[in-house]
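Accompanying notes for the structure given below.
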Amino acid sequence: MTKTAPIEHLSEAHGARAGSMNVGLIGFGTVGTGVVRVLKENAEGIAAKLGCELVLKRVADRDLARDRGVKLADGVLTADARDIINDPDISIVIELVGGTGVAKDFILEAFERGKHVVTANKALLSTHGREIFGKAAEKGVDIGFEASVGGGIPVIKALREGLAANKVESIYGIINGTANYILSKMTNEGGRFEDVLRRAQEKGYAEADPTYDVEGVDTAHKLAILINLAYGTHIRLEDIYTEGITGISQLDIKFAREFGYRIKLLAITKSVDGKVEARVHPTMIPAHHPLAAIDGAYNGIFLKGNAVGSVLLYGMGAGMMPTASAVVADVMDIARNIRTGAVRRVPPLSCPEEETRPLAILETESVEMPYYIRFLVVDRPGVLSRISGVLGSHNISISSVIQRDRKVGGAVPLVVLTHNALERELRAAVAEISKMDIIHEKIAYIRIEENPGAAN
Numbered sequence: 133m134t135k136t137a138p139i140e141h142l143s144e145a146h147g148a149r150a151g152s153m154n155v156g157l158i159g160f161g162t163v164g165t166g167v168v169r170v171l172k173e174n175a176e177g178i179a180a181k182l183g184c185e186l187v188l189k190r191v192a193d194r195d196l197a198r199d200r201g202v203k204l205a206d207g208v209l210t211a212d213a214r215d216i217i218n219d220p221d222i223s224i225v226i227e228l229v230g231g232t233g234v235a236k237d238f239i240l241e242a243f244e245r246g247k248h249v250v251t252a253n254k255a256l257l258s259t260h261g262r263e264i265f266g267k268a269a270e271k272g273v274d275i276g277f278e279a280s281v282g283g284g285i286p287v288i289k290a291l292r293e294g295l296a297a298n299k300v301e302s303i304y305g306i307i308n309g310t311a312n313y314i315l316s317k318m319t320n321e322g323g324r325f326e327d328v329l330r331r332a333q334e335k336g337y338a339e340a341d342p343t344y345d346v347e348g349v350d351t352a353h354k355l356a357i358l359i360n361l362a363y364g365t366h367i368r369l370e371d372i373y374t375e376g377i378t379g380i381s382q383l384d385i386k387f388a389r390e391f392g393y394r395i396k397l398l399a400i401t402k403s404v405d406g407k408v409e410a411r412v413h414p415t416m417i418p419a420h421h422p423l424a425a426i427d428g429a430y431n432g433i434f435l436k437g438n439a440v441g442s443v444l445l446y447g448m449g450a451g452m453m454p455t456a457s458a459v460v461a462d463v464m465d466i467a468r469n470i471r472t473g474a475v476r477r478v479p480p481l482s483c484p485e486e487e488t489r490p491l492a493i494l495e496t497e498s499v500e501m502p503y504y505i506r507f508l509v510v511d512r513p514g515v516l517s518r519i520s521g522v523l524g525s526h527n528i529s530i531s532s533v534i535q536r537d538r539k540v541g542g543a544v545p546l547v548v549l550t551h552n553a554l555e556r557e558l559r560a561a562v563a564e565i566s567k568m569d570i571i572h573e574k575i576a577y578i579r580i581e582e583n584p585g586a587a588n
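Those letters in the sequence shown? Residues 133 to 588, by my numbering.
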């Protein structure tokens with residue numbers, strides 16, 4: 133990598149510009165380091181596009197000693213975030229602390245002092261977005277949050293601006309790189325979930341505590357933001373049905389392949405008859421669908437608008453530099469607004485806060501779709517007829533069956549694909565069958581989306 137000068141006086145390094153704009157960074161971790169690198173390495177191009185220099189005046193972090201691999205000029209680094217918030221010369225504050233505690237305080241204090249904010253904090257925006265966006269509107273300042281969903285993929289801008297003329301019919305998203313990496317490795321290379329997770333942690337693709345990633349919570353945070361943007365609302369996180377990937381086995385992956393599917397952790401929202409679906413769960417999708425080909429730590433968001441049709445956004449959904457790319461792009465957007473006197477030209481949710489409306493959520497129990505159901509049963513005659521009888525009593529019809537002779541822990545696998553069925557009926561049937569003496573282990577079922585993004 134080519135060495136560059138420390139960030140100090142960028143305007144001096146690249147010739148005369150029409151002034152400069154000061155930025156402050158709170159949180160000098162992985163993404164914060166990436167932001168510093170982007171501002172350093174791309175300084176000349178950024179200045180040319182803005183017509184002014186971006187000057188990183190202060191960086192705040194609790195750890196002042198750690199070597200991040202980038203050098204700051206003397207006096208830039210501070211242990212007190214309020215050195216940035218209270219500095220009248222800093223126009224834009226970047227918050228990369230994370231969490232829903234002190235980060236919220238920093239953002240609200242910055243607004244109170246008339247500063248604009250850029251954040252990557254999906255947990256905070258999905259739980260306290262109404263308050264944060266409301267305060268930004270009250271104080272007449274901008275907030276950028278492109279990096280909160282999809283890393284470097286510009287999905288926020290796409291929904292807020294590029295697709296603003298559309299009624300959003302559906303969004304299907306692979307928006308957690310850790311979960312997608314694990315499922316991709318299990319599918320392509322084999323192995324149990326626990327073993328693949330451990331390897332992902334060793335390689336740095338999964339956190340030491342991966343709960344939010346593998347249980348779908350991180351994906352739900354991001355889906356909440358996408359729903360708010362798509363439909364001009366403030367959805368509650370608890371209204372999103374959330375299920376993770378810890379129960380996915382190699383048996384399920386192999387059977388999915390036999391039926392022509394791949395398993396992905398999907399964030400799904402659809403507009404159906406005036407209500408909106410909001411769910412996160414493992415999903416079988418056809419192997420030929422574009423989302424099925426998204427492997428590793430990559431993200432993909434498949435959107436459908438009533439005017440534009442289908443749109444696929446694809447790229448790195450996390451990581452130092454992709455996320456930093458989105459953060460700095462937001463800083464540049466806000467800098468342009470400041471320079472042209474067009475602050476709050478585009479509201480955070482594309483519509484003014486007073487135009488946001490409550491959203492009618494279609495409960496997952498009322499959703500109708502096909503299902504994959506895997507039973508481990510005793511090997512004797514009449515098992516399939518007993519199971520199919522219960523399914524039929526709950527209005528669930530079978531489209532395909534695979535029955536294997538091989539033993540799994542003393543039982544044989546029996547796999548059923550259903551036609552469209554109501555979730556509540558499926559759950560009731562599974563609960564009833566689970567009590568039968570023919571069942572060896574917990575019944576597994578996975579929802580199927582036959583053609584994500586097709587007309588509803």
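All residues carry an ideal CB built from backbone N, CA and C; glycine is no exception.
Bear in mind the structure is a predicted one, so any value in this text is a computation, not a measurement.
{"Item": "Roughly how many angstroms lie between the CA atoms of residue 445 and residue 399, to the nearest whole one?", "Value": "14 Å"}
{"Item": "Taking DSSP as the reference, what is the three-state secondary structure of residue 265?", "Value": "helix"}
{"Item": "Identify, in the order they occur along the chain, each residue of the same chain with its Cβ nearer than 8 Å to the Cβ of residue 181, setting aside the five sequence neighbours on each side.", "Value": "464"}
{"Item": "Buried or exposed: residue 193, going by 16 or more other Cβ atoms within 10 Å of its Cβ?", "Value": "buried"}
{"Item": "Per DSSP, which one or two residues make a beta bridge with residue 300?", "Value": "437"}
{"Item": "Can you tell me which of 439, 499, 389 and 402 puts its alpha carbon nearest to the alpha carbon of residue 296?", "Value": "439"}
{"Item": "Between the segment 500-508 and the segment 559-578, are three or more C-beta pairs nearer than 8 Å?", "Value": "yes"}
{"Item": "Determine the contact status of residue 210 and residue 217, defining contact as a CB-CB distance below 9 Å.", "Value": "no"}
{"Item": "Taking DSSP as the reference, what is the three-state secondary structure of residue 479?", "Value": "coil"}
{"Item": "Residues in the same chain with beta-carbon distance under 7 Å from residue 322, minus the five sequence neighbours each way, listed in chain order, please.", "Value": "382"}
{"Item": "Within 10 angstroms of its Cβ, does residue 365 collect 16 or more other Cβ (buried), or is it exposed?", "Value": "buried"}
{"Item": "Run through DSSP, which three-state label would residue 277 get?", "Value": "coil"}
{"Item": "Just verifying my parser: in three-state terms, what is the DSSP assignment at residue 409?", "Value": "strand"}
{"Item": "Quick check on residue 282: buried or exposed, where buried means 16 or more other Cβ atoms within 10 Å of its Cβ?", "Value": "buried"}
{"Item": "Apart from the five residues on each side of it in sequence, which residues of its chain come closer than 7 Å, Cβ to Cβ, to residue 452?", "Value": "162, 163, 165 and 166"}
{"Item": "Residue 421: buried (16+ other C-beta within 10 angstroms of its C-beta) or exposed?", "Value": "buried"}
{"Item": "Are the beta-carbon atoms belonging to residue 300 and residue 317 less than 9 Å from one another?", "Value": "no"}
{"Item": "Determine the closest residue to residue 557 out of 175, 500 and 517, with distance taken between C-alpha atoms.", "Value": "500"}
{"Item": "Give the single residue among 419, 489, 456 and 286 whose Cα lies nearest to the Cα of residue 406.", "Value": "489"}
{"Item": "So, at 8 Å on beta carbons, what are the nonlocal neighbours of residue 260 in its own chain, with the 5 sequence-adjacent residues on each side left out?", "Value": "232 and 236"}
{"Item": "According to DSSP, what are the bridge partners of residue 210?", "Value": "192"}
{"Item": "Quick one: what's got a C-beta closer than 7 Å to residue 229's C-beta in the same chain, skipping five residues either side?", "Value": "158, 159, 235 and 238"}
{"Item": "From what residue to what residue does the alpha helix (DSSP H) around residue 399 run?", "Value": "First-last for residue 399: 393-404, but that is the beta strand (DSSP E), not the alpha helix (DSSP H)."}
{"Item": "Please name the residue or residues paired with residue 576 in a DSSP beta bridge.", "Value": "506"}
{"Item": "What residues are listed by DSSP as bridge partners for residue 152?", "Value": "185"}
{"Item": "I think residue 362 touches residue 258, with their Cβ atoms under 8 Å apart; what is that distance to the nearest whole Å?", "Value": "The Cβ separation is near 14 Å, so there is no contact."}
{"Item": "In whole angstroms, give me the CA-to-CA distance for residue 324 and residue 377.", "Value": "12 Å"}
{"Item": "What span of residues does the alpha helix (DSSP H) with residue 517 cover, start to end?", "Value": "515-525"}
{"Item": "Going by beta carbon distance, what residues of the same chain come within less than 8 Å of residue 483, once the five residues before and after it are set aside?", "Value": "364"}
{"Item": "Using 10 angstroms around the beta-carbon of residue 360, count the other beta-carbons present and answer buried if the total reaches 16, otherwise exposed.", "Value": "buried"}
{"Item": "Beta-carbon within less than 6 Å of residue 523's beta-carbon, same chain only, minus the 5 sequence neighbours each way: which residues are those?", "Value": "561"}
{"Item": "On the three-state DSSP scale, how would you describe residue 168?", "Value": "helix"}
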